[in-house]
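Student: Numbering (the working numbering), first residue to last: 64 to 486.
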Amino acid sequence: MRDKWDSIDEHRLRPESLMMGYAYKPEWSEGSMKSPVFQTSTFAFPSAEAGKHFFALAYGLEELEEGEEPGLVYSRMNNPDLEILEDRLTLWDRAEAALVFNSGMAAITNAFLSHVRPGEVILHSGPLYGGTDHLVQHTLPELGILTVEFGPGEQRADIAERLAAQAPGAPLRMVYLETPANPTNDLIDIEMCVEIARAHATGERDPIVAVDNTFLGPIWQSPLDHGADLVIYSLTKFVGGHSDLIAGAAVGSKDVIDPMLATRTFTGSQASPWTGWLLMRSLETLKLRMQRQRETAEKIANYLAQHPRVRSVRYLGLLSADDPQHEVYRRQCLGPGSMISFEIDGGEAEAFRFLNALRLVHLAVSLGGTESLAEHPATTTHAGVGEEHRQQLGITQGLVRMSVGVEHPDDLLYDLEQALKAV
Ligand SMILES: Cc1ncc(COP(=O)(O)O)c(C=O)c1O
Numbered sequence: 064m065r066d067k068w069d070s071i072d073e074h075r076l077r078p079e080s081l082m083m084g085y086a087y088k089p090e091w092s093e094g095s096m097k098s099p100v101f102q103t104s105t106f107a108f109p110s111a112e113a114g115k116h117f118f119a120l121a122y123g124l125e126e127l128e129e130g131e132e133p134g135l136v137y138s139r140m141n142n143p144d145l146e147i148l149e150d151r152l153t154l155w156d157r158a159e160a161a162l163v164f165n166s167g168m169a170a171i172t173n174a175f176l177s178h179v180r181p182g183e184v185i186l187h188s189g190p191l192y193g194g195t196d197h198l199v200q201h202t203l204p205e206l207g208i209l210t211v212e213f214g215p216g217e218q219r220a221d222i223a224e225r226l227a228a229q230a231p232g233a234p235l236r237m238v239y240l241e242t243p244a245n246p247t248n249d250l251i252d253i254e255m256c257v258e259i260a261r262a263h264a265t266g267e268r269d270p271i272v273a274v275d276n277t278f279l280g281p282i283w284q285s286p287l288d289h290g291a292d293l294v295i296y297s298l299t300k301f302v303g304g305h306s307d308l309i310a311g312a313a314v315g316s317k318d319v320i321d322p323m324l325a326t327r328t329f330t331g332s333q334a335s336p337w338t339g340w341l342l343m344r345s346l347e348t349l350k351l352r353m354q355r356q357r358e359t360a361e362k363i364a365n366y367l368a369q370h371p372r373v374r375s376v377r378y379l380g381l382l383s384a385d386d387p388q389h390e391v392y393r394r395q396c397l398g399p400g401s402m403i404s405f406e407i408d409g410g411e412a413e414a415f416r417f418l419n420a421l422r423l424v425h426l427a428v429s430l431g432g433t434e435s436l437a438e439h440p441a442t443t444t445h446a447g448v449g450e451e452h453r454q455q456l457g458i459t460q461g462l463v464r465m466s467v468g469v470e471h472p473d474d475l476l477y478d479l480e481q482a483l484k485a486v
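1) If we ignore side chains and look at the alpha-carbon of each, how far apart do residue 65 and residue 348 end up?
2) What are the complete beta strand (DSSP E) segments, minimum 3 residues, inside the region 415-483?
3) Would the region 74-86 count as touching the region 149-166 if we require 3 or more Cβ pairs under 8 Å?
4) So what's residue 209 in DSSP terms, helix, strand or just coil?
5) How long is the line joining the alpha carbons of residue 234 and residue 392, rounded to whole angstroms?
6) Cα-Cα, which of 446, 455 and 259 is closest to residue 218?
7) Could you tell me how far apart the beta carbons of residue 465 and residue 429 are, in whole angstroms, since I believe they sit closer than 8 Å?
8) Under DSSP, the alpha helix (DSSP H) around residue 148 begins and ends at which residues?
9) Can you tell me whether residue 245 sits near ligand 1, meaning its C-beta is under 7 Å from at least one heavy atom of the ligand?
10) Any idea what DSSP makes of residue 354, helix, strand or coil?
11) CB of residue 311 to nearest heavy atom of ligand 1: below 7 Å?
12) The alpha helix (DSSP H) with residue 241 in it runs from where to where?
13) Applying the criterion that 16 or more other CB atoms from any shown protein chain within 10 Å of the CB defines a buried residue, is residue 329 buried or exposed?
14) Can you give the beta carbon distance from residue 482 to residue 417, rounded, assuming they're within the 8 Å contact cut?
15) To the nearest angstrom, report how far apart residue 263 and residue 109 are at their CA atoms.
16) Three-state secondary structure (DSSP) at residue 405?
17) By DSSP, does residue 268 sit in helix, in strand, or in coil?
18) If we ignore side chains and look at the alpha-carbon of each, how far apart do residue 300 and residue 306 end up?
19) Report buried or exposed for residue 206, applying the criterion of at least 16 other Cβ atoms within 10 angstroms of its Cβ.
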């Protein structure tokens, strides 16, 4: 069997070696080396009996037999491009199961809808990506789901006290973290959050720990290794990597992913076959891209840190040994990644002058692509976060977020140098 073949003799192959062929057999498609795009909405049943069995499985009326693979039915339920991609996504995080969605926000929404009910609580870190922040501050409370925020550096006892004060008596169902946080690069201690969740376990629908791993994953951080139950990705970013698609993923144990598959089927938030195919192509170069982006980001962060017009730089590679975040970084992260936030000396006007002067780095939201991007969080991605809350979270008017691409580092440094002159 070549489909789930992941070792040679006793030699275990690494994910980057498996991304070109894992979970696909050329004989399925006339020997085609690469999986075709299965651009179809529906699949022909071999018999009426088989159709009946597939639907009984989809509605949970029958269970899969030992070793049985669910058949193909309809592309809202499953599609070969998504199934192969999902198998490949499990490899990086060493997870049992993965699901692909039509956006990162769809993956996050699905996690909340599948695991939390009205009257229950989500404890979440802040800051969060602006879209997620809106969801937890506005949409979920309207549905009767309680949300309680804690910040980086807060200790377990303080968080427990806040939870008890803000949601007295309500059952905790999820601890949701974004680490590093968008846009400040703040780290949240995953293991501490796992302890909080375990302390609230009752043996019945125990709280799960979900981590948005978009900024560092899957190369520079593996939350499941630190006890998390669910890993969320905006695949739009590093995994897609070319700023040409929108998609998301959830990765974790079967127990956590199975209810999400049911929600995805009935809410219809699956990715398209073409998006799945593009993501498989992107996965082949994921590690190469993320390594190169990290190397260049280290050079840029060092350059910015000594520039007189830059007040401060938030880059994981620059954390000093006496910073409490350094200890979390050392335990939790495998590398500093390529997201840099820095504060221009001044406010919005100075930040805008810098952004408008950039020539090679593009002025756009999003991140993780081959091209370098810069944006002003306070007026774009995090414009929906209230002014006072933004200040508390460190999203100041002078803050610029940069996603470092794969251009030549010297060209990027030249562009930054000339744009900083405009400040
Ligand atoms: C950390 C993080 N999570 C989730 C999302 C949402 O992803 P998408 O735009 O794919 O829905 C984003 C988008 O910027 C993000 O930065």
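In this text, a Cβ means the ideal position worked out from N, Cα and C, and glycines have one as well.
Tutor: So, from the data block:
1) Residue confidence is low: residue 65 scores 44 on pLDDT, short of 50, so the model does not pin down where it sits. Its coordinate-derived value is still stated next. Using only the alpha carbons, I get a separation of about 21 Å.
2) 436-438 and 462-466
3) yes
4) strand
5) 30 Å
6) 259
7) Not really, about 12 Å apart at Cβ, beyond 8 Å.
8) 143-156
9) yes
10) helix
11) yes
12) Element bounds for residue 241: not the alpha helix (DSSP H) but the beta strand (DSSP E), 235-241.
13) exposed
14) 5 Å
15) 48 Å
16) strand
17) coil
18) 7 Å
19) exposed
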